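Peer 1: Before I ask anything, here is the structure I am working with.
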Amino acid sequence: MIEMQPFPQDRFYTTLEADGQLGTRFPHDEASWRVVDTTQEDQCWYAVGLPFVLAILLHQVTGAPAYAELADWFFEFQSRSVNPWDGSSSGKSAWGCSMLYRLTGEERYRDVALHVAQNMIDCQTPDGWYQWGGGAGYLEGGTREFGPGDFDLAAEYTLWLGLVGSNLMARDPRP
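Just so we're aligned: 1052 in my numbering is position 37 of the sequence shown, and the numbers increase by one with no gaps anywhere.
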């Protein structure tokens, strides 16, 4: 799929069509999940994070250098983007960075993983939920109206924080 990308330095198209061709034509309202554009803020980072993690796992299992190179491509792609590690969907990439830190000891991966983890921690509300951004969902008087996305976000952030922490600690165990 990387080899099919028409602008691999700037955009990552995330879907394949039924005929196996890269999905580069789609309605405007689908752009947020069909293409990651390095020049735009707040991209759909999970579309980069999931294949990033998959490449790392495939490298671990096979030892094939091509998968390590692919993981590096995803890291570098996201790194050259606008606010690459500050979006609400950067948790999967943080997991990948923590895995690469565990495997390589390169501090740049640890630093990114810790940065994203801190962003997640910082958006936890006093009542334990995660609220990304400006406090939507709170009613007058400070009471909270919960929706399905709240449960999803809490579960995801808890998972990513656990995976990031376990990978970092596997490299740097504390007494």
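Here a beta-carbon is modelled for each residue, glycine too, at the ideal position from N, C-alpha and C. What you are looking at is a predicted structure, and each value in this text was computed from that prediction instead of being measured.
Considering only DSSP beta bridges, list what Q1139 is partnered with.
Peer 2: For the purposes of this step, residue 1139 is taken as residue 124 along the sequence shown, with counting starting at 1. Answer is Y1145.
Peer 1: Apply the 10 Å Cβ neighbour rule to M1114 and answer buried if 16 or more other Cβ atoms are within range, or exposed otherwise.
Peer 2: The residue given as residue 1114 occupies position 99 in the sequence shown. Buried: at least 16 other Cβ atoms inside 10 Å.
Peer 1: Given a cut-off of 8 Å, decide if V1179 and A1070 are closer than it, judged by their beta-carbon atoms.
Peer 2: What you label residue 1070 is simply residue 55 of the sequence shown in a count that begins at 1. What you label residue 1179 is simply residue 164 of the sequence shown in a count that begins at 1. Not a contact, by the Cβ cut-off of 8 Å.
Peer 1: What does the Cβ neighbour count give for H1043, buried or exposed, with the cut at 16 atoms within 10 Å?
Peer 2: Here residue 1043 refers to the residue found at position 28 when the sequence shown is read from its first residue. Answer is exposed; the Cβ neighbour count stays below 16.
Peer 1: Nearest to T1054 by alpha carbon, out of S1181, G1035, F1092?
Peer 2: Taking the sequence shown and counting its residues from 1, one reaches residue 1054 at position 39. That would be F1092, whose Cα lies nearest to the Cα of T1054.
Peer 1: Taking 8 Å as the limit between beta carbons, can you name the residues of its chain near E1032, skipping five residues before and five after?
Peer 2: Position 17 of the sequence shown, counted from the first residue, corresponds to residue 1032. Only residues of its own chain outside the window of five on either side were considered, and among them G1038 have a CB closer than 8 Å to the CB of E1032, listed in chain order.
Peer 1: What does DSSP give as the partner residues of D1052 in its beta bridges?
Peer 2: Working through the sequence shown from its first residue, we reach residue 1052 at position 37. Answer is R1026, bridged to D1052.
Peer 1: So, are the CB atoms of V1068 and Q1058 less than 8 Å apart?
Peer 2: In the sequence shown, the residue the question calls residue 1068 occupies position 53. In the sequence shown, the residue the question calls residue 1058 occupies position 43. Contact: no.
Peer 1: If you count every other CB in all the chains shown that lies within 10 Å of the CB of L1183, and 16 or more means buried, which is it?
Peer 2: Working through the sequence shown from its first residue, we reach residue 1183 at position 168. Flag for L1183 reads buried.
Peer 1: Roughly how many whole angstroms lie between the Cα atoms of D1167 and R1117?
Peer 2: Against the sequence shown, residue 1167 aligns to sequence position 152. Against the sequence shown, residue 1117 aligns to sequence position 102. Going by the C-alpha atoms only, they are around 27 Å apart.
Peer 1: Between which two residues does the alpha helix (DSSP H) holding H1043 run?
Peer 2: Numbered from its first residue, the sequence shown carries residue 1043 at position 28. Where H1043 is concerned, there is no enclosing alpha helix (DSSP H), given that its DSSP letter is neither H nor E.
Peer 1: Runs of 4 residues minimum, wholly inside the region 1071-1128: which ones carry the alpha helix (DSSP H) assignment?
Peer 2: 1080-1094, 1106-1119
Peer 1: Here's the rule: buried if 16 or more other CB atoms are within 10 angstroms of the residue's CB, otherwise exposed. What is V1063?
Peer 2: Within the sequence shown, residue 1063 is the residue found at index 48, counting from 1. Counting Cβ neighbours within 10 Å, V1063 comes out buried, since at least 16 surround it.
Peer 1: Given a cut-off of 8 Å, decide if A1086 and G1111 are closer than it, judged by their beta-carbon atoms.
Peer 2: As a first step, residue 1111 must be located in the sequence shown, where it is residue number 96. As a first step, residue 1086 must be located in the sequence shown, where it is residue number 71. Less than 8 Å separates the beta-carbon of G1111 from that of A1086.
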